[in-house]
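Inspection log for the structure reproduced underneath, given as C-alpha cells.
Protein chains: 2
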Amino acid sequence: MPDPEALIELLRQSGRKITPQRRAIIELLAHDTTHPTAEDIYQRAAAMMPDMSRATVYNTLHELVALGGLIETHEFSESGIRYDTNLGPHHHLICTHCHALVDISHNFAEITLSLREASGYQIMRHQITFYGLCPTCQEREKEQATPANT
Amino acid sequence: MPDPEALIELLRQSGRKITPQRRAIIELLAHDTTHPTAEDIYQRAAAMMPDMSRATVYNTLHELVALGGLIETHEFSESGIRYDTNLGPHHHLICTHCHALVDISHNFAEITLSLREASGYQIMRHQITFYGLCPTCQEREKEQATPANT
DNA sequence: ATCCGTGCAAATCCTTTGCATGCTC
DNA sequence: GAGCATGCAAAGGATTTGCACGGAT
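Protein chains in written order, with this note's numbering: chain A, 416 to 565; chain B, 416 to 565.
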C-alpha cells in the first residue's frame, strides 16, 4: 500500500499530466492489496467516474509500469494480467482454487544458483510463488468432502 | 523431455482415441524444452500436417493438462500460455528480454513459510522464478551500450 | 494556446465453442 | 457401427489502436 502521492509524483516528474482519471486510478491502486486486473480497476473506477474508459485505465497502468511505479504479474492471469503495487522484493502465495493472492515479504537470502545451473544467464532477481488453498477454499472443500465409501 | 509413449499411454488409459494429430502434437512436445505456446505448437504441427486445426491443438493440450501429463505456466505469457513437459518439481529461469525459459532442477528444500506468514493457507508446493539476461541478450546489450559521454 | 489524455468504437490477439464429417476403437 | 475427435468458422474475452474533442499545464 504505497503512498498515492508517490505515484502522482512519478507521473509529474516524467512530464505527464495529472488528470482526475489518473488520480482516481492511482487512488484505487494505492488502497488495494488484492493484485487486481485491469478490468477490476476499470470497474471500480467507472463506479466513481461513470464515463471512465477502459483505454484510459490501460494507458495509465502501462505508464505506471513503464515508470517503475507498478508491477505486472502474469501469474494465474486466467482473467488477465494482475497489478502489484508492492515494489520491494517479495514473494507470492496463491490459492490454487480461487486465485486469491497474498504477498510474502520473507527474505530467502540463501537462494542462489551455481554458475553451471545459471547456464550463462546473468541473474538479477528471483521470486518464489507458493501454491496452496486459502482458508475459505479449505472450508469449501471440507464441506464437499464425500467419504470414499459412498 | 519425457517419453512420448508415456503421454500416448496416458491418453489411451483414460479412454481417449489416439489420432495422428494427437501423436504429432505429443511428438513435438516431447522433443521441446522451450516451453512453447499453443500457437507455437500449432505452427509446427501445421507444418507437418497442413490441415491441422488450432482447435485440435488446444483440445489436446487441455486434455494432457487435465490428465497431468503436461503443465501450463502463465509466466511471461505475453504471447499466451506456455506448456511445460517437465513434470517433476523444478524452477524456472527466464530472460527478461527475450523470454527464453530454462528449467532449473535444483531442490531448495529449506524454503518454508511460518504459520503466520502462510496466513491460514494450506501450502502445497512452491516454485522459484529467476529473472536474468540470457547469454544472447547480454551480447546484444553490450553492443548497444553507448558510452555516457556521447 | 498547446498538446497530451480522454472516450468511443473498431480492430487485434488468444482462446473457446458449435456443428457436420470422418476416423479410431 | 458407435461415438469421440477433427476442421472450419464464428464467437468470446482481454487488450490495443485511431481519431476528434476537451482539459491540464
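Built from N, CA and C at the ideal position, the CB exists for glycine as well.
- Query: For chain B, is any of its Cβ atoms less than 9 Å away from the one on C513(A)?
  - Reply: The beta carbon of C513(A) does not come within 9 Å of any beta carbon belonging to chain B, so the residue lies off that interface.
- Item | Beta bridge counterpart(s) of N487(A) as assigned by DSSP | Contrary to the premise, residue 487(A) reads as Glu rather than Asn in this sequence. E487(A) is bridged to Y498(A).
- Determine, using beta carbons only, whether S534(A) comes closer than 9 Å to chain B. yes
- Message: Please list, in chain order, the chain A residues whose beta carbon lies closer than 9 Å to that of R437(B).
- Response: Within 9 Å Cβ-Cβ: nothing; R437(B) doesn't reach chain A, min ~25 Å.
- Item | Chain-order list of residues whose beta-carbon lies under 8 Å from that of Y457(B) (same chain, five-residue window excluded) | M467, R469 and V472
- Message: Rounding to the nearest angstrom, what Cα-Cα distance links F491(A) and T448(A) in this structure?
- Response: 16 Å
- Does the beta carbon of I486(A) come closer than 9 Å to any beta carbon on chain B? no
- Three-state secondary structure (DSSP) of T475(A): helix
- How about I519(A) and L502(A): do their beta carbons lie closer than 9 Å? Judged by beta-carbon spacing, L502(A) lies beyond the 9 Å limit of I519(A), meaning their Cβ atoms are not closer than that value.
- Message: Using only the alpha-carbon positions, how far apart do D500(B) and L426(A) sit?
- Response: Checking the sequence, you will find Thr at residue 500(B) rather than Asp. C-alpha separation (whole angstroms): 43 Å.
- DSSP three-state call for R437(A): helix, strand or coil? Correct three-state label for R437(A): helix.
- Just checking my contact of G484(B) with L508(B) at CB under 8 Å: how many whole Å lie between their CB atoms? Incorrect: roughly 23 Å between the Cβ atoms, too far for contact.
- Query: From the beta carbon of T544(B), is the nearest beta carbon of chain A less than 9 Å away?
  - Reply: yes
- Message: Less than 9 Å between CB atoms is the rule here; does I519(A) satisfy it with respect to chain B?
- Response: yes
- When DSSP labels each residue in this structure, what does I463(A) get in the three-state scheme? The residue asked about is misnamed: residue 463(A) is Met in this sequence, not Ile. Of the three classes helix, strand and coil, the one that applies to M463(A) here is helix, per DSSP.
- By how many angstroms is the C-alpha of R431(B) removed from the C-alpha of L476(B)? 13 Å
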